[in-house]
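Trainee:
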Amino acid sequence: MIFYIKPGWKMQKWIVISSLLLLWNTGILFAQPSATVVASQQEVVIGDHIQLQVSVNVPVGMRVSIPDVKEVLNGMSQNASLGASFLEFISQSDPSVKETAKYDVSSFEIVVAGFDEGDFTFPALGFGLLNEEDTIWSDPITIKIIYPELVSGDSTYLADIKNIIPEEANISDYYIYFYLIAGLFLITILIPIGIHLVRRMKQTEEIEDQKSPRQIALEKLKALEASDLLTKKEFKTWHTELSLIIKEYLNNVLAITALESTTAELLSLLKTNQISASLHRDLREVLETADLIKFAKASPLDEANLFAIKTAYQIIKSVGVMTEETVVLQESPEQNQ
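This note's numbering puts the sequence shown at residues 1091 to 1427.
#1: Taking the CB atoms as reference points, tell me whether alanine 1388 and leucine 1332 lie closer together than 8 Å.
#2: Identify whether glutamine 1404 lies in helix, strand or coil by the three-state DSSP scheme.
#3: Could you check whether serine 1181 and valine 1187 sit closer than 8 Å to each other, using their CB atoms as the reference points?
#4: Since glutamate 1239 is in the beta strand (DSSP E), which residue starts that stretch and which ends it?
#5: Identify, in the order they occur along the chain, each residue of the same chain with its Cβ nearer than 8 Å to the Cβ of glutamine 1404, setting aside the five sequence neighbours on each side.
#6: Exposed or buried, isoleucine 1118, counting other C-beta atoms within 10 Å across all chains shown (16 or more means buried)?
#7: Would a C-beta distance cut-off of 8 Å place glutamine 1131 and glutamate 1199 closer than the cut-off?
#8: Could you tell me the boundaries of the alpha helix (DSSP H) in which valine 1343 lies?
#9: To the nearest angstrom, report how far apart proline 1282 and glutamine 1300 are at their CA atoms.
#10: Which first and last residues belong to the beta strand (DSSP E) in which isoleucine 1140 is found?
#11: To the nearest angstrom, how far is it from the Cα of leucine 1219 to the Cα of serine 1124?
#12: Going by DSSP, which residues form a beta bridge with alanine 1259?
#13: Compute the Euclidean distance between the alpha carbons of isoleucine 1335 and glutamine 1293, then round it to the nearest angstrom.
#14: Per DSSP, what are the beta-bridge partners of glutamate 1309 in this structure?
#15: For phenylalanine 1397, which residues in the same chain have their Cβ closer than 8 Å to its Cβ, ignoring the five residues on either side in sequence?
#16: Could you give the first and the last residue of the continuous beta strand (DSSP E) run that contains threonine 1126?
#17: Which first and last residues belong to the alpha helix (DSSP H) in which phenylalanine 1385 is found?
#18: For tryptophan 1227, count neighbouring Cβ atoms within 10 angstroms of its own Cβ and tell me buried if that reaches 16, exposed if not.
#19: My understanding is that isoleucine 1235 touches isoleucine 1136, with C-beta atoms under 8 Å, so please give their C-beta distance in whole angstroms.
#20: With DSSP collapsed to three states, give me the class of aspartate 1158.
#21: What is the DSSP secondary structure of isoleucine 1092, counted as helix, strand or coil?
#22: How long is the line joining the alpha carbons of threonine 1190 and tyrosine 1265, rounded to whole angstroms?
#23: Go ahead and label threonine 1401 buried or exposed: buried means 16 or more other beta carbons lie within 10 angstroms of its beta carbon, across all protein chains shown.
#24: Please return the same chain residues whose Cβ sits closer than 7 Å to the Cβ of alanine 1203, not counting the five positions on each side in sequence.
#25: Is the beta carbon of alanine 1214 closer than 8 Å to that of aspartate 1229?
#26: Let me make sure I understand the geometry here. Which of Pro1149, Ile1231, Ser1183 and Met1152 has the alpha-carbon closest to that of aspartate 1158?
#27: Would you mind sorting histidine 1286 into buried or exposed? The rule is 16 or more other CB atoms within 10 Å of its CB.
#28: Can you tell which of Ile1406, Asn1221 and Val1154 has the C-alpha that lies nearest to the C-alpha of arginine 1304?
#29: Which of the three DSSP states, helix, strand or coil, is assigned to glutamine 1293?
#30: Please report how far the alpha carbon of asparagine 1363 lies from the alpha carbon of glycine 1410, in whole angstroms.
#31: What does DSSP give as the partner residues of alanine 1203 in its beta bridges?
#32: Grouping DSSP H, G and I as helix and E and B as strand, with all else coil, what is leucine 1274?
#33: Kindly indicate the opening and closing residues of the alpha helix (DSSP H) around serine 1358.
#34: According to DSSP, is glutamate 1189 helix, strand or coil?
#35: How is the beta strand (DSSP E) around isoleucine 1226 delimited, first residue to last?
#36: Note down the Cα distance separating leucine 1163 from valine 1148, rounded to an integer number of angstroms.
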C-alpha cells in the first residue's frame, strides 16, 4: 500500500527556497576565483632547478594582476624576522590566458632553485582582482633540498673519484686522420712529380750542353731577327748582340780569344785557311759598323742591317765547319761506332 502526502503551502515554500539557495551556492562555488601553484618535485638535489606551474582561474571578463615573483622572493629573503628559508629565483615566463565557458585561466611557469640543504618554503602568491579590488592567494609550498647521494654537508668530506664518462664520437674527432691521409696522399703525388721535373730539367741541360756551337749561334741569330730592336730603333743593342754572337762562335770553333779582342785584333787572328778573303772583308765591315754605332752613335741604314745579318749567317755556316765536326766527334765517340 502506497501513501501519498500532499505537501502544504508552507512545505512548498521551503522546498523552493532551499533549491534556490542550493543553486546560488553552487554557482558561487564554481565561479569563485582561485590560484594554484604545483611543484614539479617536492624533493630535489641541491642546485637543481624546480619548475612551478601556476594557474589562476577567474570569472570571464575579470582582470587579474600577476605578481613579480623575483621581487616577492627577494623581499622575503631580506626579512629575517620571518624565520624561514626561501628558494632563489631563476626565471618567470609570461602568462598565457585561455578562456573557458566560465573562467579565464592564466598560466605561467616559475623556475627556482635551492643552494643549501634543508626545507625551503615557496611563499603564497597574491593575485589582485582588479574588477573587485580584492586579492586571492595560493598556498605556500615546502620543498626539501638534499645533497647528492654519497655527499654530506661536511666540508672536509671527499667523494670517491668516478670513472671518466667517455664522450660520444663525432666527425670532428676524425679531422686529424683526414688531414694526415690527405697530406700523405699529396706527398705521394708530389714527390714523383718533383723527381720527374728535376730529371726533365737535367735532360734539358744535357741537351743544351750537347748542342754544337753552330746550333747555338744559329738559334741566337734567329732570336735576334725575331726581336723588335730594329723596330724600336735600338741599333746599338742590335749590332752589339750581333757582333757578340759572331765573336762567341769564332771563339768556340777556332779556339781564338775573339771575345777579348778588338776588331783589328780579331781580324789579325783569323788565318787565310780559316776564312775566305771576301768573307774576311765582309766581317771587317760588319764589326766596324757595329763599332761606329756603339761609340759614334751612328744610325745605320736598313741595307747595313740586312748586310750584317746576312754576313753573320755566312760566317756561321762556312767558318770552322771541319773544326766543329771534329770537336763533336771527339766529345761523342759512341757516334763513331
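The beta carbon of each residue, even a glycine, is placed where N, CA and C say it ideally should be.
Please read all numbers here as calculations on a predicted model, not as lab measurements.
Mentor: This is what the structure gives:
#1: no
#2: helix
#3: no
#4: No beta strand (DSSP E) contains glutamate 1239, which DSSP labels as neither H nor E.
#5: Leu1369 and Asp1372
#6: Interpretation of isoleucine 1118 is limited by its pLDDT of 44, a score under 50 that renders its predicted location unreliable; no figure is taken from the coordinates.
#7: no
#8: 1325–1344
#9: 27 Å
#10: 1139–1149
#11: 11 Å
#12: In DSSP, alanine 1259 forms no bridge with anything.
#13: 25 Å
#14: Per DSSP, none; premise fails for glutamate 1309.
#15: Asp1372, Glu1375 and Val1376
#16: 1124–1129
#17: 1367–1385
#18: exposed
#19: 5 Å
#20: coil
#21: Its pLDDT being 44, under 50, isoleucine 1092 is placed unreliably by the model, and nothing is read from it.
#22: 57 Å
#23: buried
#24: Gly1137, Asp1138, His1139, Ile1140, Leu1177, Glu1178 and Ile1180
#25: yes
#26: Ser1183
#27: exposed
#28: Ile1406
#29: helix
#30: 10 Å
#31: His1139 and Glu1178
#32: helix
#33: 1353–1359
#34: strand
#35: 1224–1227
#36: 24 Å
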